[in-house]
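Take 155 as the starting number for the sequence shown in this note's numbering and just add one per residue.
For every residue, glycine included, the Cβ atom is placed at its ideal position computed from N, Cα and C.
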Amino acid sequence: MKWRSLEESTVAADSRPLRDQLAERKQLIEKYVPEPVRAVHQRTVEQLCKNRMLNSVLSAGAPAPQFELQDQFGRAVSSPR
């Protein structure tokens, strides 16, 4: 997938530190994403932080709670029990 001239599916891995990769992404976002859209994203992040959403996030390796949803055909699909 190509996003803003940044190829995601390249075979060669980016060997730069994640900090540098993130800095590049932030620059591309600043360049290509309009300010009103960035403002919506910023407000959403602030709201999630305010509501302490991270306190309810499952940790790596934790089992997901059981759930049941409908697929695109209306059939019930549930998590493993």
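Euclidean distance between Cα positions of residue i and residue j
| i | j | result |
| --- | --- | --- |
| L172 | K180 | 12 angstroms |
| E200 | R206 | 10 angstroms |
| T198 | K204 | 10 angstroms |
| L202 | A167 | 32 angstroms |
Proximity of residue i and residue j at Cβ, strictly below 7 angstroms
| i | j | result |
| --- | --- | --- |
| S210 | Q220 | no |
| E222 | A230 | yes |
Quiz prompt | Any beta strand (DSSP E) of 3 or more consecutive residues that is wholly inside the region 180-220 | solution = Along the region 180-220, the beta strand (DSSP E) does not occur as any fully enclosed run of 3 or more residues.
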